[in-house]
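First up is the structure itself, then whatever we jot down about it.
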Amino acid sequence: FGLMTYDPAFTNTASCRSAITFIDGDAGILEYRGYPIEQLAEQSTYIEVAYLLIHGELPTKDQLDQWCQEITIHTFVHENVKSFMQGFRHDAHPMGMLCGSVGALSTFYPDANDIQDPENRHIQTIRLIAKMPTLAAFAFRHAMGQPYVYPDNDLPYPGNFLNMMYKMTELKYEPDPRVARALDVLFILHADHEQNCSTNAVRAVGSSQVDPYSAVAAGVAALYGPLHGGANEAVLRMLARIQTKDNVPQFIEGVKAGNEKLMGFGHRVYKNYDPRARIIKAAADDVFEVTGVNPLLEIALELEKIALEDEYFVSRKLYPNVDFYSGLIYEALGLPVSMFPVMFAIPRTSGWIAQWLEMVQDKEQKIARPRQIYTGERTREYVPMGSR
Ligand code: CMC
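The structure is reproduced here in structure tokens:
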């Protein structure tokens, strides 16, 4: 096989050059376009961060106003998308619904095939960021058996999403500002994370020059898995199964014996505390001030305390990741666990598109086409059925 290297999970292979997100996993550093995640979470908004990821610079006031205006007027989806979503089973997983419906958008916007035209790429970018919360909220209302709520374009991005999710009367849903801000911070933290599994999927599928809706559908599919975006859902199921703080030591022993993984722990790149987990832990406190403390928090804190001192986790450099505390917030917001990965997919859309835009304009980028180490039989004689 000559000089070919075997790297089955790309643990040591750079698949692209990128100027979007920087991670130093040993130091626990995350930056978007050079801005530390802590500063963005403290001072920015998700919609501004989406602009930053896509354009590479923070917007001026006029640029931000125009960006918000463009996104706001594209929040509606075609009525047939709504009908299409109504066709899913009553108990359909919202992430499956999101994956199918975002992929279906390519059939509503056939112009999206022209990925060489910058104007065209811009409009599809706006549409994707604008429509993802609408699709997500429709999937939620479907799971709840409730009528869909149309976007309200008088509301800002997170407020509009919360209104589509929770509106019950003629009046707009008015979230507590602390909850709305915590959601915006969660969106900022989830917006991009360099070449994670779903972003790699978007780039690999997009490298065939397919339209961005199909590429993003691949990203949603990858994010659905329990080792990636589905981990926040798996964490909550795990905490509920542990039941009480007293059961934690026994559960940890089971993890060390290899019975199962401690979900929400460990990361391919971070060999230190995930900086996003630290910020989410603080955001959870803000939300619990409004909603009351989630009783599962006690179990999560005990798991973290024991794991951070235990030789098994210390020697493997396993720390809490972004998914460890986010589910506790989502549950406090009244979301079913099946919605948790959807809450990850909404903001990750801006990262996926930023990476897709970078890829399609990269002159070095060819179709993603890895090689393999062949381990099967060679050149055999075909055996007719009667002789087998
Ligand atoms: N619980 C117990 N042991 C673990 C865990 C865990 N959560 N994660 C890794 N290990 C062990 C693993 O068994 C291995 O042990 P050994 O060397 O004895 O075989 C060692 O640590 C190295 O793990 P790995 O599987 O080689 O690490 P990886 O880089 O391939 O996997 C991971 C990274 C995130 C998939 C993994 O840590 C994991 O499955 N964590 C739980 C799921 C999770 O929380 N995923 C969210 C990731 S962050 C956000 C996102 O991407 O969505």
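Residue numbers (full-length UniProt numbering): 56 to 443.
In this text, a Cβ means the ideal position worked out from N, Cα and C, and glycines have one as well.
Rounded C-alpha distance that separates Ser393 from Pro188: In the sequence shown, counting from the first residue as 1, residue 393 sits at position 338. In the sequence shown, counting from the first residue as 1, residue 188 sits at position 133. Between Ser393 and Pro188, the C-alpha separation is close to 16 angstroms.
For Leu352, which residues of its own chain have a beta-carbon under 6 angstroms away from its beta-carbon, when the five flanking residues on both sides are left out? Translated into the one-based positions of the sequence shown, residue 352 becomes position 297. The residues are Leu383.
So, for Leu95: in the same chain, excluding its five sequence neighbours on each side, which residues have a beta-carbon less than 7 angstroms away from its beta-carbon? Translated into the one-based positions of the sequence shown, residue 95 becomes position 40. Once the five neighbours on either side are set aside, the close Cβ partners of Leu95 are Tyr87, Val104 and Ile243.
Could you give the C-beta distance for Lys316 and Glu357, rounded to a whole number, given that I count them as a contact under 8 angstroms? By one-based count along the sequence shown, residue 316 stands at place 261. By one-based count along the sequence shown, residue 357 stands at place 302. 17 angstroms between Cβ atoms; not a contact.
Strictly by DSSP, which residues pair up with Ile84? Within the sequence shown, numbered from 1, the residue matching residue 84 stands at position 29. Paired residue(s): Asp79.
I want to check one thing, is the minimum distance from the CB of Asp239 to the heavy atoms of the ligand CMC below 6 angstroms? On the sequence shown, residue 239 is found 184 positions in, with the first residue counted as 1. For the ligand CMC, not one heavy atom lies less than 6 angstroms from the Cβ of Asp239.
From Arg292 to Asn302, what distance separates their C-alpha atoms? Counting from one through the sequence shown, the residue named residue 292 turns up at place 237. Counting from one through the sequence shown, the residue named residue 302 turns up at place 247. Using only the alpha carbons, I get a separation of about 15 angstroms.
Quick check: does the Cβ of Leu317 come within less than 6 angstroms of any heavy atom belonging to the ligand CMC? As a position in the sequence shown, residue 317 is number 262, starting the count at 1. At least one heavy atom of the ligand CMC lies closer than 6 angstroms to the C-beta of Leu317.
Between the C-alpha atoms of Tyr61 and Gln427, what's the straight-line distance to the nearest angstrom? Counting from one through the sequence shown, the residue named residue 61 turns up at place 6. Counting from one through the sequence shown, the residue named residue 427 turns up at place 372. Between the C-alpha atoms of Tyr61 and Gln427 there is a straight-line separation of about 8 angstroms.
For Phe131 and Tyr101, the rounded distance between their alpha carbons: Within the sequence shown, the letter at position 46 stands for residue 101. Within the sequence shown, the letter at position 76 stands for residue 131. Their Cα atoms are separated by approximately 19 angstroms.
Under a three-way DSSP split, which group does Pro375 fall into? Sequence index remark: in the sequence shown, residue 375 carries index 320 (1-based). Strand at Pro375.
I believe Asn376 touches Tyr325 by the beta-carbon criterion, under 8 angstroms. Please report the beta-carbon distance rounded to the nearest angstrom. As a working mapping, residue 376 is identified with position 321 in the sequence shown. As a working mapping, residue 325 is identified with position 270 in the sequence shown. Yes, Asn376 and Tyr325 are in contact; Cβ-Cβ is about 7 angstroms, under 8 angstroms.
Quick one: give me the first and last residue of the alpha helix (DSSP H) that Phe65 is part of. Counting from 1 along the sequence shown, the entry for residue 65 is found at position 10. Taken as a continuous stretch (DSSP letters only), Phe65 belongs to no alpha helix (DSSP H), as it is neither H nor E.
Does Ser161 pass the burial test, meaning 16 or more other C-beta atoms within 10 Å, or should it be called exposed? Position 106 of the sequence shown, counted from the first residue, corresponds to residue 161. Buried.
The ligand CMC heavy atoms versus the CB of Arg371: any closer than 6 angstroms? The sequence position of residue 371 within the sequence shown is 316, counting from 1. Yes, since a heavy atom of the ligand CMC falls inside the 6 angstroms radius drawn around the Cβ of Arg371.
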